[in-house]
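First residue of the sequence shown? That's 721 in my numbering, and the numbers climb one at a time after it.
All C-beta atoms, glycine included, are put in the ideal place defined by N, C-alpha and C.
Here the structure is a predicted model, which means the values were calculated and not measured.
To start, the structure under review is shown below, and the notes come after it.
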Amino acid sequence: MTEYTQQDRSLALIGIYQAAQLVHDLATTGKTDEQAYHTCIQSLFCDNPAKTLDVYGGDIANIQIGIHSLLNQMNAEEATQSRTLEITRYVLSLMILEKKLMKLGKPMKNVTQVLEVAKSQQAHFGLEHDNVIASIARAYSENISQVNPRIIVNGQHGHLQNARTANKIRALLLAGIRSALLWDQVGGSRWGLIWSRKKYLADALHFKTNHPNDDNDTSDKDEHSDKVTSLFKQD
């Protein structure tokens, strides 16, 4: 049995926060950080990563938005105006929904099939092409959007009614579920989140302080994380 570290759980949780933050940004402003967005979409096509960070391109720089979001939302010492209730709601909903989907089984299998189509499109058109994002969005809308608890995204009407923006939001929600699945796989739990809150914050602060990635950091090693299960594929 593979042994995972607290760092693995912190990285996966940061991945959830990054997806949730980008969903909020798109819904409210119609804009988002391009590097962070690219990282989230790329994570959907990351099969058999050697270590947890590989899901996010192997570089802490790719998840800085998630790091800042986690610190803003989870740090009790942060000013209340830096917190956004919607982001916390998205994060918790993604965690709960992932558990429900894993129990149901079939929606996840259907998503995997659609993602294979998107993967072929990605090889031809490029990762962020409208056709690729539309396929990922379809995987979410046809197989996940009706499963309770449904994730209701709040934002500006004009942005939510824009087809391209809506597809990006659905794709990011699927990326959030991917990170929630990863968090589950490496030992994350909602109870553990309560008891280990300070550890998550310490890791996030360390990742922020040591950006870009410091290969000499002994606390940041994935020595036991020799395999992370592929998206929606169960051993």
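Please list, in chain order, all residues of the same chain as residue i whose beta carbon is under 8 Å from its beta carbon, the five residues on each side excluded.
| i | result |
| --- | --- |
| residue 932 | Low confidence applies here, because residue 932 scores a pLDDT of 49, under 50, leaving its location unreliable; read the following figure in that light. Excluding sequence neighbours, residue 932 sits near 779, 780, 781. |
| residue 759 | 738, 776, 777, 782, 783 |
| residue 804 | 744, 792, 793 |
Keeping to the same chain, check which residues put their C-beta closer than 6 Å to that of residue i; ignore five residues upstream and five downstream.
| i | result |
| --- | --- |
| residue 838 | 852, 855, 856 |
| residue 752 | 742, 745, 746 |
| residue 934 | Caution applies to residue 934, whose pLDDT of 44 falls short of 50 and renders its modelled position unreliable; the value that the coordinates give is listed next. For residue 934, where only same-chain residues beyond five positions count, there are no Cβ hits under 6 Å. |
Measure the Cβ-Cβ separation of residue i and residue j and say whether it is below 8 Å.
| i | j | result |
| --- | --- | --- |
| residue 790 | residue 737 | yes |
| residue 871 | residue 813 | yes |
| residue 750 | residue 882 | yes |
| residue 884 | residue 794 | no |
| residue 783 | residue 848 | no |
| residue 807 | residue 744 | yes |
| residue 892 | residue 835 | no |
| residue 922 | residue 810 | no |
| residue 729 | residue 896 | no |
| residue 873 | residue 820 | no |
Please list the terminal residues of the continuous alpha helix (DSSP H) segment that includes residue i.
| i | result |
| --- | --- |
| residue 897 | 883-905 |
| residue 829 | 826-845 |
| residue 860 | 850-863 |
| residue 734 | 726-749 |
| residue 756 | 754-763 |
| residue 913 | 910-915 |
| residue 675 | It is not possible to answer for residue 675, since the shown part of the chain is limited to 721 through 955. |
Can you list, in chain order, the residues of its chain with a C-beta nearer than 7 Å to that of residue i? Leave out the 5 residues immediately preceding and following it.
| i | result |
| --- | --- |
| residue 757 | 742 |
| residue 842 | 765, 852 |
| residue 869 | 813, 816, 817 |
Which word fits residue i, buried or exposed, when buried means at least 16 other C-beta atoms lie within 10 angstroms of its C-beta?
| i | result |
| --- | --- |
| residue 910 | exposed |
| residue 914 | exposed |
| residue 732 | buried |
| residue 899 | buried |
| residue 833 | exposed |
| residue 770 | exposed |
So, does the CB of residue i fall closer than 8 Å to a CB anywhere in chain B?
| i | result |
| --- | --- |
| residue 805 | No chain B appears in this structure, which consists of one protein chain only. |
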